[in-house]
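Working notes for the structure below.
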Amino acid sequence: ASAAGRLSAYGATNGRKGPNGANLSLPQLSWDETDAEVEDAFSKGQKQWRLPIGVCSQRGQRPYMEDDWSASLSLETSFPEKGARRGVRNARGAPLADEDSDVVAPTAFFGVFDGHGGARCAKAVSKTVPAAITRDEEFKGNLRSACTKGFVRANAEFLRRAERANMTDGSTGVAAVLRGRHIICANVGDSRCVISNSGR
1 ASAAGRLSAY GATNGRKGPN GANLSLPQLS WDETDAEVED AFSKGQKQWR LPIGVCSQRG
61 QRPYMEDDWS ASLSLETSFP EKGARRGVRN ARGAPLADED SDVVAPTAFF GVFDGHGGAR
121 CAKAVSKTVP AAITRDEEFK GNLRSACTKG FVRANAEFLR RAERANMTDG STGVAAVLRG
181 RHIICANVGD SRCVISNSGR
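Everything in the sequence shown is counted per UniProt numbering, starting at 1 for the first residue and increasing by one.
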């Protein structure tokens, strides 16, 4: 299943001034909700994830948006793997399922990429980071390692493109990757992930 609610932002000044004296605007949010249910592969259909998600972007005072995001409720279907791999382990290497099983719990990816010096890097890595994680040989076995290597590979790929095209764009990045009852957070640069439960 791949569906998401979407938050829409509209500029509305709130009377606050930015560092250069310009009016700052706060987004007015509207919520279009579509519930997404993802089957937990280990409960054999007895339980499902209900995972509503939302996205809100605001350009700020720049002439164009430099940031991007990526969300997938099922990396396995969004970025199919190359070749079959077996075994499912958590971030500490402990088995989550029978090692002889090809079944992997759905893996969700949520990333925000804060571009600087242009939008091209953030746009590129919003696609290449989740793809690189999924295609890593340890994706099914050691998700933590796959996340680390996915960021490194996406960075190297963009650097090659940037060098050929003489681009100076860059981006920080933060991602939360969910599988079963495990959350792995990964970041590059000064972007951070905050996990909250009922406002705490």
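We put the beta carbon where it would ideally sit given N, CA and C, even for glycine.
Taking the DSSP output, what are the residues bridged to residue i?
| i | result |
| --- | --- |
| Leu51 | Answer by DSSP bridge pairing: none, since Leu51 is not bridged. |
| Arg179 | Thr107 and His182 |
| Ile68 | It is worth fixing the name first, because residue 68 is Asp in this sequence and not Ile. Answer by DSSP bridge pairing, in chain order: Phe113. |
| Val194 | Beta-bridge pairing links Val194 to no other residue. |
| Thr172 | Asp114 |
| Val188 | Gly173 |
Determine the direct distance from the alpha carbon of residue j to that of residue i, and round the result to whole angstroms.
| i | j | result |
| --- | --- | --- |
| Arg135 | Leu143 | 11 Å |
| Ala124 | Arg179 | 24 Å |
| Ala165 | Arg192 | 30 Å |
| Ala156 | His116 | 17 Å |
| Ala175 | Gly189 | 12 Å |
| Tyr64 | Val177 | 28 Å |
| Glu138 | Asn197 | 30 Å |
| Ala105 | Ala162 | 36 Å |
| Pro52 | Gly141 | 27 Å |
| His182 | Ser57 | 27 Å |
| Phe158 | Thr77 | 24 Å |
| Val55 | Val152 | 25 Å |
| Arg62 | Arg160 | 27 Å |
Around the Cβ of residue i, are there at least 16 other Cβ atoms within 10 angstroms (buried) or fewer (exposed)?
| i | result |
| --- | --- |
| Ile184 | buried |
| Glu195 | Note that residue 195 corresponds to Ile in the displayed sequence, not to Glu. The residue is exposed, with fewer than 16 neighbouring Cβ atoms inside 10 Å. |
| Arg200 | exposed |
| Gly170 | buried |
| Thr168 | exposed |
| Leu75 | buried |
| Thr107 | buried |
Considering only their Cβ atoms, is the gap separating residue j from residue i smaller than 8 Å?
| i | j | result |
| --- | --- | --- |
| Gly60 | Val129 | no |
| Ser72 | Phe113 | no |
| Trp69 | Ser145 | no |
| Ala119 | Cys147 | no |
| Ala122 | Glu66 | yes |
| Ala132 | Gly111 | no |
Kindly examine the ligand ADP and report whether one of its heavy atoms sits closer than 7 Å to the Cβ of residue i.
| i | result |
| --- | --- |
| Ala122 | As for the ligand ADP, it is missing from this structure, which has no ligand bound. |
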